[in-house]
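Visitor:
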Amino acid sequence: MSKFKKKKSDGQPAISTASLPDIVFMLLFFFMVTTVMREVTLKVEIQTPKATEVDKLERKSLVSYIYIGEPIKSLQGTFGTEPRIQLNDAFATKRDIVQFVEIERENTDEAERPLMTFSMKVDNGVKMGIVTDVKQELRKANALKINYSTGKTDKIVD
Amino acid sequence: MARRNAPEINAGSMADIAFLLLIFFLVTTTMDVDTGLTRKLPPPIDVPPEDIPEVKMRNVFVVLANANDDLLVEGEPTLVSDLRRKAKDFIIGDANNENMPEFVMKNIPALGGQYPVSKQIVSLQNDRGTSYELYIKVQNELVGAYNDVRNEFSMRKFGKSYAELEELAKNSEGAEQQLDAVKDVYPQRISEAEPKDIGDQ
Numbered sequence: 001m002s003k004f005k006k007k008k009s010d011g012q013p014a015i016s017t018a019s020l021p022d023i024v025f026m027l028l029f030f031f032m033v034t035t036v037m038r039e040v041t042l043k044v045e046i047q048t049p050k051a052t053e054v055d056k057l058e059r060k061s062l063v064s065y066i067y068i069g070e071p072i073k074s075l076q077g078t079f080g081t082e083p084r085i086q087l088n089d090a091f092a093t094k095r096d097i098v099q100f101v102e103i104e105r106e107n108t109d110e111a112e113r114p115l116m117t118f119s120m121k122v123d124n125g126v127k128m129g130i131v132t133d134v135k136q137e138l139r140k141a142n143a144l145k146i147n148y149s150t151g152k153t154d155k156i157v158d
Numbered sequence: 001m002a003r004r005n006a007p008e009i010n011a012g013s014m015a016d017i018a019f020l021l022l023i024f025f026l027v028t029t030t031m032d033v034d035t036g037l038t039r040k041l042p043p044p045i046d047v048p049p050e051d052i053p054e055v056k057m058r059n060v061f062v063v064l065a066n067a068n069d070d071l072l073v074e075g076e077p078t079l080v081s082d083l084r085r086k087a088k089d090f091i092i093g094d095a096n097n098e099n100m101p102e103f104v105m106k107n108i109p110a111l112g113g114q115y116p117v118s119k120q121i122v123s124l125q126n127d128r129g130t131s132y133e134l135y136i137k138v139q140n141e142l143v144g145a146y147n148d149v150r151n152e153f154s155m156r157k158f159g160k161s162y163a164e165l166e167e168l169a170k171n172s173e174g175a176e177q178q179l180d181a182v183k184d185v186y187p188q189r190i191s192e193a194e195p196k197d198i199g200d201q
């Protein structure tokens, strides 16, 4: 009667999946450690330029960002298309930069303050006028270590 | 001792939970490393200095960028792609050329005493209407010119590239002296003038 008799398992035994969770957990921890959550929502559109002689920005906790670019599409109705400065989560004017630097300094350990870097993420199309204003404000605030955020490329084209 | 065994928790779904979390982090993770051109701004000046040191024009490599994104290098219209070569020629210099920067003898121990060092300065001035894109390109080419010159020099003198020296200098004193020597011979002097406001923004 037993037509559907179980085939005798004479092949290889099934691979044990007991260690699968371990493997997955390992991957999980890797991604948990390496992940960086975006802490600001960008309100300006930024396409950074490309350069060849770039350095890596190390010690992310010591880097503060200043964004400059045109407001994103959905905000252009209220804010127009002139390039604007964004600090943290809000639009700012150049007069806010000194205060921003002070606050960032306060939040950093005293011993590490000289290592603080201000990274400027500026859109390709922005004119130098506004960038220069920001640089002058940074000088006033004595934040002299700056970084122009750029992508890496192999060759500069005209 | 009638000790009841607690029933074992079924760990079969553990993998599913872990997968769920894994996928979440996979999606949210951004692997991009921030890169950029690191520069140092000059300290603020409260009182304008009384005696501004005179700099001879032959020692200055003038780069001008206008609001139309045109470059003028030493009086000649130039493309960005030619800037690096011109800057390199200037930084290396030529002691026999009247129009090239002057040399002064400087004591550099790692090179065995006195060594002629060029008094070169690169001056960059842009307009308020210059695009940021061009500005970065020019900055990049000028930094690149210095890096190339330093690289060639350290290859010739010490048989190591500049990047290798920088890496070695972290734990070797000899390499640190060599690195300082390279920096002393070709100091990176990029001076940025206050921008003009000629072109409309």
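If you read the protein sequences in the order shown, they are chains A and B. The first sequence finishes on residue 158 if you use this note's numbering, and the numbering steps up by one all the way, no holes. The second sequence finishes on residue 201 if you use this note's numbering, and the numbering steps up by one all the way, no holes. By construction, the Cβ of each residue, glycine as well, lies at the ideal position given by its N, Cα and C atoms. The structure presented is a predicted model; accordingly, all values stated were derived computationally and were not measured.
For VAL63 (chain B) versus VAL73 (chain B), is the C-beta distance shorter than 9 Å?
Guide: In this structure, VAL73 (chain B) lies closer than 9 Å to VAL63 (chain B) by Cβ.
Visitor: Just curious, the alpha helix (DSSP H) that GLU173 (chain B) is in, first and last residue?
Guide: Start and end: 173-185.
Visitor: By the criterion of Cβ-Cβ separation under 9 Å, what are the contact partners of ASN147 (chain B) in chain A?
Guide: Ordered by position in chain A, the residues that pass the 9 Å Cβ test against ASN147 (chain B) are GLU53.
Visitor: Residues in its own chain within less than 7 Å of GLN201 (chain B) by CB, not counting five upstream and five downstream?
Guide: Its pLDDT being 45, under 50, GLN201 (chain B) is placed unreliably in this model, and the value from its coordinates should be taken loosely. So the qualifying residues of the chain are ARG128, GLY129.
Visitor: Can you pull the DSSP bridge partners for MET105 (chain B)?
Guide: B:PRO116.
Visitor: Should GLN201 (chain B) be flagged as near chain A, meaning a C-beta pair shorter than 9 Å?
Guide: Note that GLN201 (chain B) has pLDDT 45, beneath the 50 cutoff, so the model's placement of it is unreliable and no number is given.
Visitor: Could you tell me if THR117 (chain A) is buried or exposed, where buried requires 16 or more neighbouring beta carbons within 10 angstroms of its beta carbon?
Guide: Buried, because 16 or more other Cβ atoms sit within 10 Å of the Cβ of THR117 (chain A).
Visitor: Among A:VAL63, A:ASP96, A:LEU27, which has the Cα closest to the Cα of LEU20 (chain B)?
Guide: Comparing Cα-Cα distances from LEU20 (chain B) to each of A:VAL63, A:ASP96, A:LEU27, the minimum goes to A:LEU27.
Visitor: So, using beta-carbon positions, are GLN120 (chain B) and GLU192 (chain B) closer together than 9 Å?
Guide: Result no, Cβ atoms of GLN120 (chain B) and GLU192 (chain B) do not sit closer than 9 Å.
Visitor: State the start and end residues of the unbroken alpha helix (DSSP H) segment that holds VAL101 (chain A).
Guide: Taken as a continuous stretch (DSSP letters only), the alpha helix (DSSP H) holding VAL101 (chain A) covers 97-106.
Visitor: Assess, as a yes-or-no matter, whether the segment 131-140 of chain B is touched by the segment 45-54 of chain A under the definition of 3 or more beta carbon pairs within less than 8 Å.
Guide: Judged by Cβ distances under 8 Å, the segment 45-54 of chain A makes contact with the segment 131-140 of chain B, as three or more pairs qualify.
Visitor: Looking at ILE130 (chain A): is its Cβ nearer than 9 Å to the Cβ of LYS94 (chain A)?
Guide: Cβ distance < 9 Å, so ILE130 (chain A) and LYS94 (chain A) count as in contact.
Visitor: Between the beta-carbon of GLN86 (chain A) and the beta-carbon of VAL40 (chain A), is there less than 9 Å?
Guide: In contact: GLN86 (chain A) and VAL40 (chain A) (Cβ atoms closer than 9 Å).
Visitor: Is the CB of LEU138 (chain A) under 9 Å away from at least one CB in chain B?
Guide: For LEU138 (chain A), the answer is yes, since a Cβ of chain B falls inside 9 Å of its Cβ.
Visitor: Using 9 Å as the limit for Cβ to Cβ distance, is SER131 (chain B) near chain A?
Guide: Yes, because at least one Cβ of chain A sits closer than 9 Å to the Cβ of SER131 (chain B).
Visitor: Select from A:GLU53, A:ASP123, A:GLU110, A:ARG113 the residue whose C-alpha is nearest the C-alpha of ARG84 (chain A).
Guide: Closest by alpha carbon: A:ASP123.
Visitor: When burial is assigned at 16 or more other CB atoms within 10 Å of the CB, is ILE9 (chain B) buried or exposed?
Guide: By the 10 Å Cβ count, ILE9 (chain B) comes out exposed.
Visitor: How far does the alpha helix (DSSP H) with MET14 (chain B) in it extend, from its first residue to its last?
Guide: Per DSSP, MET14 (chain B) belongs to the alpha helix (DSSP H) from 14-28.
Visitor: LEU27 (chain A) lies in the beta strand (DSSP E); which residues open and close that run?
Guide: From DSSP, LEU27 (chain A) is part of no beta strand (DSSP E) but of the alpha helix (DSSP H) over 20-34.
Visitor: Identify whether LYS145 (chain A) lies in helix, strand or coil by the three-state DSSP scheme.
Guide: Three-state result, LYS145 (chain A): strand.
Visitor: DSSP beta-bridge partners for THR117 (chain A)?
Guide: Its beta-bridge partners are A:VAL63.
Visitor: Taking the alpha carbon of ALA15 (chain B) as the reference point, which residue from A:ALA14, A:ILE15, A:PRO21 has its own alpha carbon closest?
Guide: Ranking A:ALA14, A:ILE15, A:PRO21 by Cα distance to ALA15 (chain B) puts A:PRO21 first.
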